[in-house]
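This report concerns only the one structure given below.
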Amino acid sequence: MKNDKAARIIEKAVKKGRKALSEYESKQLLAAYGIPITKEILLKDKDGLARATERIGFPLVMKGCSADIAHKTEKGLIYVDIRTVSEAKKAYREVMAGMEGFEGGVLVQEMVKGRRELVMGLTRDPQFGPCVMFGLGGIFTEILRDVSFRRAPLEDYDAREMMKEIKGHKILDAVRGMEAADEKRLTEMLISIGRIGLENPDVMEIDLNPVILSGARPVVVDALVVLK
Amino acid sequence: MPEERKHRGNRGNNRFPDTDFERIFHPASIAILGVSSDENSVGFGTGMLRVLKEMGFAGRIYPVNPSGGSVLGLKIYSRMEDIPERVDFAVIAVTAKLVPQALEDCLRSGVAGAEILSSGFGELGTQEGRQLEDQIREITARGIRVVGPNCFGIYCPRSGLTMLPGQDLSRESGNVAFLAQSGGMASDFAHAGEWMGIRFSKMVSFGNGADLREAELLNYLARDHETEVISMYIEGIKDGDVFFRELKAAAARKPVIIFKGGLSAAGARSVASHTASMGGSGLIWSSVLKQTGAVQVFDTQELMQASAAFSLLPKKSFRNIAVIGGGGAIGVAACDIAERHGMEIPPLASDIRERIEAILPRPGSSALNPVDVANPLVAPSILKEVLMNAAQDERIDLQIIVSLFFHYNPYALMFGVPIAEIVPYKELVEVVGDVINKTGKPVVAVLPNARRGPRNMDITGLIALARQEYVQRGIPVFDELHEAIRAIAHVNTYYGRRENEKR
């Protein structure tokens, strides 16, 4: 059973000959599969800024959003902890300038607080097809490479095992005054990522990094979907 | 299950073609295509004829060669159709370009399956080679099954089918099946099995795997009542989907141990996302194997050792272990290794400890666990008491006895007798067998040897003899303690998962 909303998002991008979904589109795709994402609004012009900041609420994050810009941090197109309307206006101008004419807009996003960052993703193995990844997120993903994989479709057991399998699995427990992560939710997310891969052959890779634990609750804060 | 009793191949299973594997693994008659009338020929056909006779293959053998004649007292048939009965299995050893016709002849004569030993097919990478292999595939689609080409074929101790060279392989049937593309690996495993105490149900080296290969053979072995443990060496697989499905199904029924070779080469894919660059074939393979419930090992030795443990130990996990003998340092190392593998060497209950202390020589001994017996010359009768007592600790699931036989060397020199005469290895093995029977708890033997040089060939010989005593009783024996513990850990991983799922 195909997910129509997801299929439409992908189809639109494929028709335009794009190789990736923008962060906003990626998250819409995730949301269509029930994966929790940040509350966010995509602005195409500055008229909607006041309304957007009101709806999202301070403090917030503003990012350049384009399918052509995969790694925003390196481009300096992310402004975090914006607390006032004037800060928001300034960030808007700077992000738009930094976009250098790339097609896209400015993403106004809730600022998710949490000290624990995870990564989830999907890769297509030439032999085994779509495989789901789980691991430590943020800058630690590349430094520690503490990740595990399971081939899609995942069963509940597989998702739980892959979480236990990383060396840093204790980060999911109740540690240093932080709540234990909502494992049921994490399990559902991993299973859903596998489903996205199985049901959408045009999706080649998915990168959800970071997935921040806001208290017990995991939220996808940044997302990249690479297309065929 | 009646399906298993009948020991038929894939009947009632629409995933793979209907195949009568009984006629392939236990044929009543074999045709060998490509036998020379010169019995000193070094060709594969003549070689296979010779080794089948030496193995004592009980069925009828029909050599085939258009030139006719006779060899080793057997008439050579010019054509398949001249053979006076329907042949079950064929060995094809003619030159590559004649293979399609030979296979076609076998098909027409109602042969169930053929192993093609000849090379010169897809493995060459030439167009001609690939075309010949395609022809083989096309013929198999019409109702004959093929092992190979470019393989060593099937070894089946019960029927006496064997690989080349394999005239001296064991005829004793066992519970381990082995699959590999590589003939060399299969042959080595078959020979190593003998001294490691592994007996085989079936072994298949399928070379290029033009027809029968990993997934279908897994499907068959999973249902084969002769096979309790499946062991595999894999380089490449044909279809990830089918392989995954069959492996998962097989591992749900019996342990499947896999050594995947060639994990390092495939890492260099250019990718856009972090996730893909994290993957790489090694990590994905490990994950997939875990997901299916198969056991992954990383070298040939580990594969064989794990196979021995699965084959010979009871079908359960062993978390708490007693280690007897070996001396202080080995004991300390044992604890570390055990912990690394998720096992424990817990202190024995105090009353049991007291009883063991009363038996052991003093000073220098310790009954704590690991039990340090103070010196390597402790008599088997005393070791028996130690083992019997330690087994009474209800926490202990399994015992390991470490015997440092090489320490008898100075005494052999002193008394001027061969070391095999003063080491009471036969008595010890008998005692260990007794303990297993009486306590119902398994004992695993470890026979390290610090003296392996040419000056001490007698010790190497002694250890081989002691090993043989153990394996004849079906007691697992390893060279090193860490190998024993690692092999047991694999058993724990497999059965531990099932025990967890049941809970």
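Line by line, the protein sequences are chains Y and X. Counted the way our numbering counts, the first sequence spans residues 852 to 1079. Counted the way our numbering counts, the second sequence spans residues 2 to 504. Where is the CB? At the ideal position from N, CA and C, for every residue including glycine.
* Asked: Which residues in chain X sit within 7 Å of residue 999 of chain Y, going by Cβ to Cβ distance?
  -> 288
Within 10 angstroms of its Cβ, does residue 465 of chain X collect 16 or more other Cβ (buried), or is it exposed? exposed
Query raised in the report: What residues from the stretch 160 to 187 of chain X come within 7 Å of chain Y, judged by C-beta to C-beta, listed N to C?
Result: none
Please give the ranges of any alpha helix (DSSP H) in the stretch 918 to 954 of chain Y, keeping only runs that are unbroken, at least 4 residues long and fully inside the region. 923 to 926, 936 to 949
Considering only C-alpha positions, which residue in the set X/157, X/105, X/172 is nearest to residue 143 of chain X?
Of X/157, X/105, X/172, the residue nearest in Cα terms is X/105.
Among X/32, X/258, X/47, X/315, the one whose alpha carbon lies nearest that of residue 287 of chain X:
X/258
Rounded C-beta distance between residue 404 of chain X and residue 326 of chain X? I'm assuming under 8 Å. 6 Å
Next item on the list: List the residues of chain X that residue 953 of chain Y touches, going by C-beta distances under 8 Å, in chain order.
Entry: Here the premise fails: no neighbours, minimum Cβ distance about 17 Å.
Coil, strand or helix - residue 96 of chain X by DSSP: coil
Original post:
Whose CA, out of Y/992, Y/1060, Y/986, lies closest to the CA of residue 877 of chain Y?
Top reply: Y/1060
Check your understanding: Roughly how many angstroms lie between the CA atoms of residue 881 of chain Y and residue 230 of chain X, to the nearest whole one?
Key -> Their Cα atoms are separated by approximately 43 Å.
**Item:** Whole-angstrom distance between residue 252 of chain X and residue 309 of chain X, CA atom to CA atom
**Value:** 17 Å
Practice problem: Can you give me the Cβ contacts of residue 1068 of chain Y inside the same chain, cut-off strictly under 8 Å, excluding the 5 residues immediately before and after it? | Solution: 887, 1033, 1036
Quiz item: With DSSP run on the structure shown, which of helix, strand or coil describes residue 381 of chain X?
Solution: helix
- Task: Check the Cβ of residue 245 of chain X against every Cβ in chain Y and list those closer than 8 Å, keeping chain order.
- Result: The answer, in chain order, is 979, 1002.
Worksheet entry | Where residue 478 of chain X falls: helix, strand or coil (DSSP) | Here residue 478 of chain X sits in strand by DSSP.
Check: Just how far apart, CA to CA, sit residue 54 of chain X and residue 30 of chain X?
Finding: Residue 54 of chain X and residue 30 of chain X: Cα-Cα distance of roughly 13 Å.
Quiz prompt | Min CB distance residue 329 of chain X to chain Y below 7 Å | solution = no
* Asked: Of all the CB atoms in chain Y, is at least one closer than 7 Å to the CB of residue 130 of chain X?
  -> no
Just to confirm, is the Cβ distance from residue 1066 of chain Y to residue 1030 of chain Y under 7 Å?
yes
Does the beta carbon of residue 258 of chain X come closer than 7 Å to any beta carbon on chain Y? no
* **Beta-carbon neighbours of residue 284 of chain X, restricted to chain Y and to distances below 7 Å** => 1000
inquiry  = Quick check on residue 28 of chain X: buried or exposed, where buried means 16 or more other Cβ atoms within 10 Å of its Cβ?
reply    = With 16 or more other Cβ atoms within 10 Å, it is buried.
- Between the CA atoms of residue 187 of chain X and residue 159 of chain X - distance to the nearest angstrom: 17 Å
Can you give, in chain order, each stretch of the beta strand (DSSP E) that sits fully within the stretch 149 to 176 of chain X and has at least 3 residues?
-> Taken in chain order, the complete beta strand (DSSP E) segments of 3 residues or longer contained in the stretch 149 to 176 of chain X are 154 to 156.
Practice task
Give me the Cβ distance between residue 293 of chain X and residue 260 of chain X, rounded to the nearest whole Å; I'm assuming they're in contact under 8 Å.
Solution key: Residue 293 of chain X to residue 260 of chain X, Cβ: 15 Å. No contact.
For this session: Determine the extent of the beta strand (DSSP E) in which residue 114 of chain X is found, giving its start and end residues.
Result: 114 to 117
Q) Beta-carbon separation of residue 209 of chain X and residue 122 of chain X under 7 Å? A) yes
query = DSSP state of residue 863 of chain Y, grouped into three classes?
reply = Three-state DSSP puts residue 863 of chain Y in a helix.
- request: Give the DSSP-derived three-state secondary structure of residue 55 of chain X in the structure shown.
  value: helix
* Does DSSP put residue 974 of chain Y in a helix, a strand or coil? -> strand
Flag this pair as yes or no: are the beta carbons of residue 485 of chain X and residue 397 of chain X separated by less than 7 Å?
If you check the CB distance, residue 485 of chain X and residue 397 of chain X do not come in under 7 Å.
query: Nearest CA to the CA of residue 177 of chain X: which residue from X/442, X/87, X/126, X/194?
result: X/194
Taking the C-alpha atoms as reference points, what is the distance between residue 21 of chain X and residue 113 of chain X? 7 Å
Just list the residues that DSSP pairs residue 1068 of chain Y with in beta bridges. Y/1065
Exercise. By Cβ distance below 8 Å, which residues in the same chain neighbour residue 145 of chain X in space, the five residues on each side in sequence not counted?
Worked result: Annotation for residue 145 of chain X: 104, 107, 108, 112, 113, 114, 115 place their beta carbon closer than 8 Å to its own, counting only its chain and skipping 5 residues before and after.
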